[in-house]
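Visitor: I have a structure I would like to understand better, so I am pasting it below and will then ask my questions one at a time.
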Amino acid sequence: MTPAELHFTEQHEWARVEGDVATVGISDYAQNALGDITFVELPIVGAELAKGDEACAIESAKAAASIYAPLSGKVTEVNEQIEDDPGLINTDAYAEGWIYKLRLADPSQVDSLMDAAKYEGFLAEQGDH
Amino acid sequence: MKLIFDKSVPGRRAVRTTDAALGDAIPIDRKMLRDTPAELPELSELDVVRHFTELSGKNYGVDSGFYPLGSCTMKYNPKVADLISQLPGFADLHPLIPQLPGGEVMVQGALAVLSETGRLLSEICGMAEFTMQPLAGAHGELTGAMIIAAYHKHKGNEKTTILIPDSAHGTNPASAAIAGYDVKTVPSNADGVIDVNALRSMVDDSVAGVMLTCPNTLGLFNHHIKNIADLVHSVDGLMYYDGANLNALLGHCRPGEIGFDIVHVNLHKTFATPHGGGGPGAGPVGVVERLTEFLPTSVVCAHDDGSYYLDYDRPKSIGYVAPFYGNFAIVLRAYAYMLMLGAEGLLRVSENAVLNANYVMAKLKGHYDLPIDAACMHECVFSASRQAADGVRAINIAKALIDRGFHPMTVYFPLTVPEAMMIEPTETESKETLDAFIDAMIEIAELTKTDPDQLLACPVTTPVGQLDETLAARKPNVASLGQSENGDD
Amino acid sequence: MPFIANTDAQRQEMLAAVGAESVEDLFANIPPELRCKGLDIPPGLTEQEVRNQLAGLAEHNSSGLISFLGGGFYDHFIPAALNTIVSRSEFYTAYTPYQPEISQGTLQAIYEYQSAICRLTGMEAANASLYDGGTAVYEAIMMSLRVTGRRKVLVDDSVSPIYRKMVRSYTSNLGIDLMETQSREGLPDRKAIADQIDDDTAAVIVQNPNFFGCIDDVTDLAEMVHARGGLLIVSCYPISLGLLKTPGEMNADIVVGEGQSLGMSVSFGGPYLGFMATRRKYLRKMPGRIVGLTVDAQGREGFVLTLQAREQHIRREKATSNICTNQGLCALTSLVYMSLLGKQGLAELSGICAHKADYARDLLLKIPGVTIRFPGRWYFNEFVLNLPMAADKVIRGLFNRGLAAGFPLGRYFPEMNNCLLVAVTEKRTKEEIDFLAHSLEVML
Chain A
96 MTPAELHFTE QHEWARVEGD VATVGISDYA QNALGDITFV ELPIVGAELA
146 KGDEACAIES AKAAASIYAP LSGKVTEVNE QIEDDPGLIN TDAYAEGWIY
196 KLRLADPSQV DSLMDAAKYE GFLAEQGDH
Chain B
44 MKLIFDKSVP GRRAVRTTDA ALGDAIPIDR KMLRDTPAEL PELSELDVVR
94 HFTELSGKNY GVDSGFYPLG SCTMKYNPKV ADLISQLPGF ADLHPLIPQL
144 PGGEVMVQGA LAVLSETGRL LSEICGMAEF TMQPLAGAHG ELTGAMIIAA
194 YHKHKGNEKT TILIPDSAHG TNPASAAIAG YDVKTVPSNA DGVIDVNALR
244 SMVDDSVAGV MLTCPNTLGL FNHHIKNIAD LVHSVDGLMY YDGANLNALL
294 GHCRPGEIGF DIVHVNLHKT FATPHGGGGP GAGPVGVVER LTEFLPTSVV
344 CAHDDGSYYL DYDRPKSIGY VAPFYGNFAI VLRAYAYMLM LGAEGLLRVS
394 ENAVLNANYV MAKLKGHYDL PIDAACMHEC VFSASRQAAD GVRAINIAKA
444 LIDRGFHPMT VYFPLTVPEA MMIEPTETES KETLDAFIDA MIEIAELTKT
494 DPDQLLACPV TTPVGQLDET LAARKPNVAS LGQSENGDD
Chain C
46 MPFIANTDAQ RQEMLAAVGA ESVEDLFANI PPELRCKGLD IPPGLTEQEV
96 RNQLAGLAEH NSSGLISFLG GGFYDHFIPA ALNTIVSRSE FYTAYTPYQP
146 EISQGTLQAI YEYQSAICRL TGMEAANASL YDGGTAVYEA IMMSLRVTGR
196 RKVLVDDSVS PIYRKMVRSY TSNLGIDLME TQSREGLPDR KAIADQIDDD
246 TAAVIVQNPN FFGCIDDVTD LAEMVHARGG LLIVSCYPIS LGLLKTPGEM
296 NADIVVGEGQ SLGMSVSFGG PYLGFMATRR KYLRKMPGRI VGLTVDAQGR
346 EGFVLTLQAR EQHIRREKAT SNICTNQGLC ALTSLVYMSL LGKQGLAELS
396 GICAHKADYA RDLLLKIPGV TIRFPGRWYF NEFVLNLPMA ADKVIRGLFN
446 RGLAAGFPLG RYFPEMNNCL LVAVTEKRTK EEIDFLAHSL EVML
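Chains as they are written, first to last, in the working numbering: chain A, 96 to 224; chain B, 44 to 532; chain C, 46 to 489.
Here it is as structure tokens:
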């Protein structure tokens with residue numbers, strides 16, 4: 096089930112916004128499409144990202160993809176656990192598989208994202224779910 | 044599992060290369076020498092021969108059986124070509140000799156091989172001139188992209204983009220990027236070929252060129268090719284031909300006559316040089332007259348008296364893409380092959396290649412989904428979607444073929460077809476081999492319905508089963524380092 | 046028709062199954078105006094005719110010269126067992142090991158090759174091969190840009206001029222700041238490099254032994270580069286590593302080189318073998334195929350191509366490299382060579398080359414007017430002589446005596462017209478070296 100409090104991009108990133116901090120990861124749909132995640136190149140702490148910038152790269156045995164910034168902000172923390180255990184993204188994409196945290200430049204930007212229900216509708220439309 | 048290093052016996056050795064007595068200390072300062080010799084194997088010659096003989100038993104080549112990898116053209120490699128490449132007059136020739144004053148006369152035979160092969164390829168492809176320098180197909184693509192860049196630079200054109208179909212091999216965009224271009228992907232239409240309307244909307248003044256494989260990776264010939272060429276030429280863009288599928292067209296159609304300006308051929312595909320377990324190959328590049336000034340140096344030329352020389356005086360050349368003249372021993376093999384085939388033989392190659400692929404397609408079409416139900420050329424593409432719905436995917440079909448003694452076809456390429464299975468039989472396969480393969484595929488299709496679990500367990504007849512690729516990528520173990528394994532940086 | 050099995054009768058059966066009248070029908074999708082009207086190529090030859098014709102061409106080449114040519118490509122002895130092993134059709138008629146279960150032979154051999162290269166160079170991870178030593182230098186440069194995120198690269202002019210030219214060609218469209226530093230007295234000039242290095246330098250590239258044959262200890266250069274956050278790339282000659290301190294011991298970050306001397310004929314330009322090795326921490330930034338060890342569902346060990354997400358078939362335009370077909374059989378060849386020579390054999394061979402070169406150098410320097418270009422340097426098996434006349438003239442004269450006496454450097458280094466690069470391998474006998482010295486003396 097897609098957690099109701101999350102917001103989503105069309106590139107399948109999710110953001111959990113608490114005050115002016117957002118935690119970012121990739122959706123369950125994305126982890127399933129990629130297959131077993133083998134490596135994540137984490138963003139650099141302190142990096143300034145604009146919404147839509149490429150934040151980091153993710154690899155699976157058969158695919159590679161970029162992870163974008165859903166909102167503008169500064170990277171404050173990265174999930175070092177997934178360096179040793181990238182499979183966490185597969186098993187728990189919405190909680191333990193979080194990738195990085197942003198201090199938001201403009202928290203109201205979250206209005207430009209899809210909420211959980213809208214994202215599920217988006218996936219259904221794509222015909223892939 | 045014993046690696047060759049694990050079999051070492053300290054003090055054992057195989058080959059001594061010379062009897063020269065040593066005795067004296069090495070005439071180099073101790074500080075410049077390594078502390079301990081490299082931890083290479085310590086084995087007898089027999090030990091080494093047995094080790095590799097055992098390894099060869101766990102391998103599969105064209106000489107072992109059917110090898111229908113799509114767009115790889117795994118045809119039979121003539122043994123006479125290998126023999127010729129080992130002649131000391133070729134094998135022991137140092138590449139610097141023609142760069143010595145008076146050296147060119149010492150290598151006339153080798154220069155003749157390079158020049159003649161270029162001439163034959165020019166005739167086959169409808170090009171003005173060829174370079175033998177590119178060392179593989181992807182290397183040829185890069186050379187071609189660099190020539191495109193040089194052409195536009197000298198004309199003062201501001202070009203930023205190369206267009207590539209969505210069905211293209213990954214080396215195309217990768218090569219274009221190295222030449223400094225942005226890559227834009229053109230979609231295919233319902234007929235499986237490049238969508239000309241989409242292309243029309245994408246071709247503008249920023250387009251340096253278009254890279255096409257023809258027939259494409261679905262084995263389909265786009266009969267709008269001349270229109271596409273005109274469109275691209277109208278913005279002074281160049282048409283690049285990826286020769287991976289040339290086996291379908293030999294003698295029937297020449298890239299230079301259907302609108303292409305630059306061509307690369309894969310000698311290890313179309314011209315029967317061995318694949319080597321992943322190379323060496325060769326990817327010679329041919330161009331039309333107006334692009335010859337950009338070819339890499341040196342260029343093999345002939346004086347009026349017919350003797351050959353190397354021309355380095357090409358101010359607009361893209362420079363060196365190889366250290367010398369190309370993978371010479373590979374070019375030599377391809378030359379021998381072309382000489383043996385002659386004009387008629389080349390024609391028969393494409394005829395039989397196309398017939399073999401259409402035969403396989405006709406026989407399997409009731410059993411597997413055909414994304415495009417039209418005559419194919421030298422390869423056909425099926426989709427395992429129907430079987431996937433029952434839990435048996437293309438990868439499982441491939442593994443089931445292994446248990447039945449066949450090397451599988453290419454799976455999951457082209458990316459535009461779900462559960463893709465790309466089959467290229469080549470012209471050197473017999474009807475009996477094709478029939479055996481067809482029977483196996485039909486049996487597998489049936490088992491999908493009656494006993495899918497059996498298929499999912501495949502392969503069971505091989506030394507190892509399906510290997511954990513996720514583990515290999517998460518925790519890479521890529522070398523056995525021996526003593527230095529402990530405590531290096 | 047050569048190599049085609051099917052008879053006319055079989056083709057008829059197949060056409061019927063396809064529903065076509067003739068093979069021509071199968072080409073109906075090519076518009077008639079695009080059809081080729083015919084190839085102007087002579088009829089095919091029989092195997093015997095081809096052999097005779099090409100044997101004739103082989104005889105038009107002077108492969109029997111007594112050769113002192115090197116410049117990165119060396120005439121070393123190749124044991125008979127090597128060709129027997131490498132000609133096994135299961136190795137050479139196979140392709141890239143896409144189906145690992147039936148390719149464990151190739152895959153294990155590549156893993157062992159990767160391991161052998163690491164042991165030889167003192168590094169921690171190697172790839173499955175690149176085309177040659179020159180493209181390997183280029184790929185190392187691109188890797189250093191990826192690792193550091195910087196755009197500037199320094200290449201010393203003591204690195205092979207052939208490789209430097211290749212690198213300039215490849216990088217010309219990439220907006221990279223490629224600078225050459227001038228060597229001094231046969232070695233990289235530390236001051237010149239220190240003057241050029243800054244915080245935008247991704248890598249410094251040197252060669253050891255360098256193109257002039259001089260041996261160097263570049264540990265200090267590694268330190269200099271690391272202090273500014275850059276990488277040291279070292280191109281090397283594998284036979285020399287039987288004896289010499291390794292680039293790994295000198296703290297190099299990426300090691301590349303030409304593997305031809307490990308069992309491949311000089312073969313007029315190829316096929317050759319580019320090798321690359323690096324530190325563990327840069328593994329995921331390394332281009333090319335990589336083989337890894339893993340297990341199957343029953344816990345049996347096996348080998349697979351790994352870290353493929355970096356490669357062209359997945360990353361496409363964002364790939365670490367465009368390489369697909371590489372030099373698989375040549376990598377196998379080098380592994381077999383390193384196994385046949387073995388730990389002691391390679392060290393011994395290396396020593397023999399050094400001794401013979403030393404003997405040659407002493408003898409040649411006794412000739413009046415001949416001096417060593419870079420005095421006070423250590424050499425492995427190659428060195429540069431100053432001659433009292435243009436090296437070109439000397440070469441021409443010595444050809445008549447059946448000698449390829451060396452490589453005149455004026456072609457690549459305009460100020461060195463009187464200089465000759467001489468290489469000596471274990472294949473050169475004492476008689477041949479004496480003959481070279483005698484002939485040179487007579488000429489001068």
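Where a beta carbon is used, it is the ideal one built from N, C-alpha and C, also for glycine.
If you're wondering where the values come from, they're calculated on a predicted model, not measured in any experiment.
1) Within its chain, find whatever has a CB closer than 6 Å to the CB of D202 (chain C); leave out the 5 residues flanking it on each side and keep chain order.
2) Quick check on DSSP: helix, strand or coil for N529 (chain B)?
3) Considering only the beta carbon of each residue, do G180 (chain B) and A251 (chain B) sit closer than 8 Å?
4) Taking only runs that begin and end inside the region 366-454 of chain C, name each unbroken beta strand (DSSP E) of 3 or more residues, in chain order.
5) Any chance the region 350-357 of chain B sits against the region 109-118 of chain B, with 3 or more Cβ pairs inside 8 Å?
6) Output yes if chain A places a C-beta closer than 8 Å to the C-beta of A516 (chain B); else output no.
7) Do you know how far the Cα of A468 (chain C) is from the Cα of S132 (chain C)?
8) Among C:I250, C:I155 and C:L288, which residue has its Cα nearest to the Cα of A392 (chain C)?
9) Are any of the Cβ atoms in chain B nearer than 8 Å to that of M59 (chain C)?
10) Excluding sequence positions up to five away, which residues of its chain have a Cβ less than 7 Å from the Cβ of D210 (chain A)?
11) Run down chain C in chain order and give the residues with a C-beta less than 7 Å from the C-beta of L384 (chain B).
12) Give a yes or no on whether the minimum CB-CB distance between M254 (chain B) and chain C is below 8 Å.
13) Taking DSSP as the reference, what is the three-state secondary structure of N128 (chain C)?
14) Quick check: what's the CA-CA separation for L90 (chain A) versus I250 (chain C)?
15) Distance check for I417 (chain C) and F425 (chain C), CA to CA, integer angstroms please.
16) Name the chain A residues that come within less than 7 Å of R34 (chain C), Cβ to Cβ?
17) With DSSP as the reference, identify every bridge partner of R191 (chain C), one or two as the case may be.
18) So, is the C-beta of A139 (chain C) closer than 8 Å to a C-beta in chain B?
19) Tell me where the alpha helix (DSSP H) around E499 (chain C) begins and ends.
20) Who does H107 (chain A) pair with in a DSSP beta bridge?
21) So is L410 (chain C) buried or exposed if we call it buried at 16+ other beta carbons inside 10 Å?
22) For F95 (chain B), report the span of its beta strand (DSSP E) as first-last.
23) Counting C-beta neighbours from all protein chains within 10 Å, is the total for S210 (chain B) 16 or more, i.e. buried, or is it exposed?
24) Tell me the DSSP secondary structure of C168 (chain B) in three-state form.
25) Please classify R198 (chain A): does DSSP put it in a helix, a strand, or coil?
26) For the alpha helix (DSSP H) holding E460 (chain C), just list the boundary residues, first then last.
27) Residues bridged to M209 (chain A) by DSSP?
28) Since I123 (chain C) and G308 (chain C) should fall inside the 8 Å C-beta cutoff, what is the C-beta to C-beta distance between them, to a whole number of angstroms?
29) Run through chain A and tell me which residues come within less than 7 Å of T513 (chain B), C-beta to C-beta.
30) Leaving out five residues on either side along the sequence, give the residues of the same chain with a beta carbon under 6 Å from the beta carbon of F320 (chain C).
31) Apart from the five residues just before and just after K169 (chain A), which ones in its own chain have a Cβ nearer than 8 Å to its Cβ?
32) Can you give me the Cβ contacts of N255 (chain C) inside the same chain, cut-off strictly under 6 Å, excluding the 5 residues immediately before and after it?
33) In whole angstroms, what is the alpha-carbon distance linking P202 (chain A) and L208 (chain A)?
34) Pick helix, strand or coil for N127 (chain A), following the three-state DSSP scheme.
35) Measure the Cβ-Cβ separation of A365 (chain B) and S310 (chain C) and say whether it is below 8 Å.
36) Using the beta-carbon of each residue, which ones in chain B are nearer than 8 Å to L408 (chain C)?
Guide: Taking the structure as given:
1) By 1-based counting over the third sequence, the position of residue 202 (chain C) is 157. Same-chain partners within the cutoff: E225, Q227 and S228.
2) Taking the second sequence and counting its residues from 1, one reaches residue 529 (chain B) at position 486. At N529 (chain B) the pLDDT is 41, less than 50, meaning the model places this residue with poor confidence; the figure from the coordinates comes in the next sentence. If DSSP states are grouped into helix, strand and coil, N529 (chain B) belongs with coil.
3) Looking up residue 180 (chain B) in the second sequence gives position 137. Looking up residue 251 (chain B) in the second sequence gives position 208. For G180 (chain B) and A251 (chain B), no; Cβs fall outside 8 Å.
4) Runs of beta strand (DSSP E) with 3 or more residues, each lying fully within the region 366-454 of chain C, are found at 427-431, listed in chain order.
5) No, the region 350-357 of chain B does not touch the region 109-118 of chain B.
6) Position 473 of the second sequence, counted from the first residue, corresponds to residue 516 (chain B). It does; some Cβ of chain A falls within 8 Å.
7) Position 87 of the third sequence holds residue 132 (chain C). Position 423 of the third sequence holds residue 468 (chain C). Spanning the two alpha carbons is a distance of roughly 30 Å.
8) In the third sequence, residue 392 (chain C) corresponds to position 347, counting from 1. Of C:I250, C:I155 and C:L288, the smallest CA-CA separation from A392 (chain C) is found for C:L288.
9) Counting from 1 along the third sequence, the entry for residue 59 (chain C) is found at position 14. With 8 Å as the cut-off, M59 (chain C) counts as an interface residue toward chain B.
10) Looking up residue 210 (chain A) in the first sequence gives position 115. Apart from sequence neighbours up to five positions away, the residues of its chain that approach D210 (chain A) with a beta-carbon distance below 7 Å are H102, ordered along the chain.
11) By 1-based counting over the second sequence, the position of residue 384 (chain B) is 341. Those are P47 and G89, listed as they occur along chain C.
12) Mapped onto the second sequence, residue 254 (chain B) falls at position 211. With 8 Å as the cut-off, M254 (chain B) does not count as an interface residue toward chain C.
13) Within the third sequence, the letter at position 83 stands for residue 128 (chain C). Residue state, collapsed to three classes: helix.
14) Because chain A in this structure spans residues 96 to 224, residue 90 (chain A) falls outside the shown range and cannot be described.
15) The sequence position of residue 425 (chain C) within the third sequence is 380, counting from 1. The sequence position of residue 417 (chain C) within the third sequence is 372, counting from 1. F425 (chain C) and I417 (chain C): Cα-Cα distance of roughly 14 Å.
16) Because chain C is modelled from 46 through 489, residue 34 (chain C) falls outside the range shown and cannot be assessed.
17) Along the third sequence, read from residue 1 onward, the residue named residue 191 (chain C) stands at position 146. Paired residues: none, contrary to the question.
18) In the third sequence, residue 139 (chain C) corresponds to position 94, counting from 1. For A139 (chain C), the answer is yes, since a Cβ of chain B falls inside 8 Å of its Cβ.
19) With chain C covering only 46 through 489, there is no way to say anything about residue 499 (chain C).
20) For this step, residue 107 (chain A) is matched to residue 12 along the first sequence. None; H107 (chain A) has no bridge partner.
21) If you number the third sequence from 1, residue 410 (chain C) lands on position 365. Exposed, because fewer than 16 other Cβ atoms sit within 10 Å of the Cβ of L410 (chain C).
22) In the second sequence, the residue the question calls residue 95 (chain B) occupies position 52. Following the DSSP letters along the chain, one finds F95 (chain B) in no beta strand (DSSP E) but inside the alpha helix (DSSP H) bounded by residues E88 to S99.
23) Taking the first residue of the second sequence as position 1, residue 210 (chain B) is located at position 167. By the Cβ-count criterion, S210 (chain B) is buried, with 16 or more other Cβ atoms from all chains shown falling within 10 Å of its own Cβ.
24) Residue numbering aside, residue 168 (chain B) sits at position 125 when the second sequence is read from its first letter. Helix at C168 (chain B).
25) The residue given as residue 198 (chain A) occupies position 103 in the first sequence. It is a strand residue.
26) One-based indexing of the third sequence puts residue 460 (chain C) at position 415. E460 (chain C) -> no alpha helix (DSSP H), and no H or E assigned at all.
27) In the first sequence, residue 209 (chain A) corresponds to position 114, counting from 1. According to DSSP, which records beta bridges pairwise, M209 (chain A) is partnered with A:F103.
28) Indexing the third sequence from 1 puts residue 123 (chain C) at position 78. Indexing the third sequence from 1 puts residue 308 (chain C) at position 263. About 6 Å; that satisfies the 8 Å criterion.
29) On the second sequence, residue 513 (chain B) is found 470 positions in, with the first residue counted as 1. Those are D131, T133 and A156, listed as they occur along chain A.
30) As a first step, residue 320 (chain C) is located in the third sequence; it is residue number 275 there, counting from the start. Excluding residues within five positions, the ones whose Cβ falls inside 6 Å are I162, G302 and G304.
31) Translated into positions along the first sequence, residue 169 (chain A) becomes position 74. G141, A142, E143, L144, L197, R198 and A200, listed in sequence order.
32) Residue mapping note: residue 255 (chain C) aligns to position 210 of the third sequence, counting from 1. Answer for N255 (chain C): S203, listed in chain order.
33) As a first step, residue 202 (chain A) is located in the first sequence; it is residue number 107 there, counting from the start. As a first step, residue 208 (chain A) is located in the first sequence; it is residue number 113 there, counting from the start. Their Cα atoms are separated by approximately 11 Å.
34) The sequence position of residue 127 (chain A) within the first sequence is 32, counting from 1. Helix, per DSSP.
35) Start at 1 with the first residue of the second sequence, and residue 365 (chain B) comes out as number 322. Start at 1 with the first residue of the third sequence, and residue 310 (chain C) comes out as number 265. No.
36) If you number the third sequence from 1, residue 408 (chain C) lands on position 363. Simply none; closest approach about 14 Å.
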